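Using my numbering, the first residue of the sequence shown is number 2, and each one after it goes up by one.
This report refers to the structure that appears directly beneath it.
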Amino acid sequence: MKLSDLTVVTTNENKLAEINQILGTNHQVSKIDIPEIQSLDLDEVITQ
Numbered sequence: 002m003k004l005s006d007l008t009v010v011t012t013n014e015n016k017l018a019e020i021n022q023i024l025g026t027n028h029q030v031s032k033i034d035i036p037e038i039q040s041l042d043l044d045e046v047i048t049q
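The structure is reproduced here in structure tokens:
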């Protein structure tokens, strides 16, 4: 696997900058809307 194949899922641009610095990569932010389900109810998580 190449480092360019990695997908970093975060909204934290500082975290992405740190990852780029450590790995020597230049990954860019791609904004996507993914719901972050805050529930311990498995049925609710599955249906979302």
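Ideal placement from N, C-alpha and C gives every residue a C-beta, glycine not left out.
Predicted model only: the values in this text are computed from it and were never measured.
Residue i - DSSP class collapsed to helix/strand/coil
{"i": "Asp44", "result": "helix"}
{"i": "Glu14", "result": "helix"}
{"i": "Glu37", "result": "coil"}
{"i": "Gln49", "result": "coil"}
{"i": "Ser31", "result": "coil"}
{"i": "Leu7", "result": "coil"}
Distance between residue j and residue i (C-alpha atoms, nearest Å)
{"i": "Ile23", "j": "Leu17", "result": "10 Å"}
{"i": "Asn15", "j": "Thr26", "result": "14 Å"}
{"i": "Lys3", "j": "Gln49", "result": "32 Å"}
{"i": "Gln39", "j": "Thr11", "result": "16 Å"}
Test item: CB-CB of residue i and residue j under 8 Å
{"i": "Val9", "j": "Ile20", "result": "yes"}
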